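Residue numbers (my numbering): 81 to 502. From the three backbone atoms N, C-alpha and C, an ideal C-beta is built for every residue, glycine too. These numbers were taken from a predicted model, which means no experiment stands behind them. The block underneath contains the structure these notes are about, expressed in structure tokens.
See below:
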């Protein structure tokens with residue numbers, strides 16, 4: 081992960097695009113806006129936590145990918161807090177405008193809602209004196225200076241705080257530090273669209289976050305195109321509790337499951353036994369009655385995770401949500417070195433929502449910690465799971481051979497009886 085972050089910083093480090101509205105006569109307009117067409121300067125991460133997998137800039141969004149912790153507290157039963165964080169510099173123009181426009185607005189979105197037993201840590205603003213020494217760090221989490229704090233939703237939301245409480249002659253705002261999660265059960269992504277400065281609290285009253293409508297209002301009489309609300313995403317685990325144990329995949333591992341609602345992502349935490357080497361190919365099928373019949377059919381989609389980080393939460397995303405029904409997810413060890421160790425974190429035994437197949441045979445010792453992201457407002461998450469069946473009985477093999485043998489013996493007795501009666 082350190083190599084990945086270092087490569088990212090070398091490749092994309094550049095100043096962010098700044099929009100400064102120096103001629104703004106309307107007090108409702110922002111004094112400065114910080115976009116992310118490129119990575120901001122001074123971008124650093126706390127790699128010791130091993131929870132930040134990647135920081136990228138894509139489609140004008142600063143994206144930070146957090147991995148779940150695998151260490152569980154023996155006292156609380158919750159993941160141990162690892163304090164992941166990242167920070168970046170404000171531009172000179174942004175800092176200069178902050179005294180006149182002290183209301184800081186951050187537009188942010190998360191890939192999933194945060195569960196009640198996960199740690200929600202908030203966001204910090206760090207201020208430094210002229211020598212670059214940290215003066216104070218303030219957390220956005222329900223204190224007096226927070227106008228609008230972070231909430232557990234997958235919709236775009238605004239973090240709004242009053243920086244005038246902390247700006248003075250001895251304290252200059254140089255960096256913003258974000259450490260929104262302390263400990264989580266499943267992977268989560270934070271997307272930041274922009275940072276903006278406003279003159280006062282009244283300027284952001286009723287502001288919906290759409291800067292285009294604010295800066296370039298539509299021509300009178302021209303109807304504006306309403307924003308299409310994004311569909312609700314709900315991450316639902318197929319297991320209970322936090323206990324886990326690894327299971328190595330040498331060949332293939334299949335998960336048969338049934339859902340009652342559409343879904344667009346499957347995710348499982350996967351160890352690579354500490355060396356970040358090894359590959360897992362994920363393939364999704366529509367269930368076709370038996371395991372062998374299903375894997376012989378055409379796959380819905382597949383994706384290969386190559387040399388993934390140890391304990392990363394790997395996932396299979398669908399461009400179009402899969403509808404309610406029964407499915408088979410097959411994980412295959414596709415490592416270049418056949419002896420390379422890859423696998424999944426599992427719960428012991430079976431779970432009601434999944435049948436497992438290891439190397440093509442029914443497997444009940446462990447079940448991978450599968451999380452399904454459901455799309456929409458429905459809550460009938462899991463459907464009716466049919467029996468676990470490896471293959472349709474074949475003449476001369478397996479159970480069919482025994483059935484055929486019994487049938488033959490009975491037939492012989494009937495024939496003999498008929499002969500005696502004659």
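Under the Cβ criterion (8 angstroms, minimum of three pairs), the segment 393-400 does not count as touching the segment 326-336. Where residue 392 is concerned, the enclosing beta strand (DSSP E) starts and stops at 392-402. Within the same chain, Cβ atoms closer than 6 angstroms to the Cβ of residue 406 are found at 338 and 367, the five residues on either side in sequence being excluded. From the listed residues 134, 141 and 108, the smallest Cα separation to residue 118 is found for 141.
The segment 344-354 and the segment 368-384 do not touch, with fewer than 3 CB-CB distances between them shorter than 8 angstroms.
The Cβ atoms of residue 276 and residue 107 do not sit closer than 8 angstroms to each other.
Comparing alpha carbon positions, the residue from 462, 423, 185 and 193 closest to residue 327 is 423. Taking C-alpha positions only, residue 439 is separated from residue 455 by approximately 31 angstroms.
According to the DSSP assignment, residue 372 belongs to the alpha helix (DSSP H) that extends over 371-375. In the three-state scheme derived from DSSP, where H, G and I count as helix and E and B as strand, residue 293 is classed as helix.
With fewer than 16 other beta carbons inside 10 angstroms of its own, residue 383 counts as exposed. Ranked by Cα distance from residue 274, the options 267, 290 and 372 are led by 290. 322 is the residue among 322, 279 and 316 whose C-alpha sits nearest the C-alpha of residue 155. Here DSSP, grouped into helix, strand and coil, assigns residue 193 to coil.
Counting of Cβ neighbours within 10 angstroms places residue 279 among the buried residues, the total reaching 16 or more.
Residue burial is scored here from C-beta neighbours: residue 281 has fewer than 16 other C-beta atoms within 10 angstroms and is therefore classed as exposed.
Membership of residue 174 in the alpha helix (DSSP H) is indicated by the continuous run 172-178. Each of 457, 410 and 319 was checked against the Cα of residue 427, and the nearest Cα belongs to 319. Residue environment for residue 324: buried (at least 16 other C-beta atoms within 10 angstroms of its C-beta). DSSP places residue 276 in the uninterrupted beta strand (DSSP E) bounded by 268-278. Taking the CA atoms as reference points, residue 138 sits about 15 angstroms from residue 123.
From the listed residues 348, 444, 358 and 191, the smallest Cα separation to residue 234 is found for 191. For residue 284, the secondary structure class from DSSP, reduced to helix, strand or coil, is helix. Less than 8 angstroms separates the beta-carbon of residue 409 from that of residue 364.
For residue 141, the uninterrupted beta strand (DSSP E) run begins and ends at 141-146, by DSSP.
Taking the C-beta atoms as reference points, residue 272 is found no nearer than 8 angstroms to residue 232. Taking the Cα positions, residue 169 is about 43 angstroms away from residue 417. For residue 412, the enclosing beta strand (DSSP E) starts and ends at 405-413. Comparing C-alpha distances from residue 238 to each of 265, 244, 184 and 268 shows the shortest one belongs to 184. Annotation: residue 235 is outside any beta strand (DSSP E) and is labelled neither H nor E by DSSP. Leaving aside the five residues that flank residue 404 on each side, the residues in its chain whose CB is nearer than 7 angstroms to its CB run, in chain order, 339, 340, 341, 342 and 463. By the Cβ neighbour-count rule, residue 453 is buried, with 16 or more other Cβ atoms within 10 Å of its own.
By the beta-carbon neighbour count (other beta carbons within 10 angstroms, threshold 16), residue 310 is exposed.
Between residue 315 and residue 266, the C-beta gap is smaller than 8 angstroms, which places the two residues in contact.
Taking C-beta atoms as the reference points, residue 359 and residue 390 fail to come closer than 8 angstroms.
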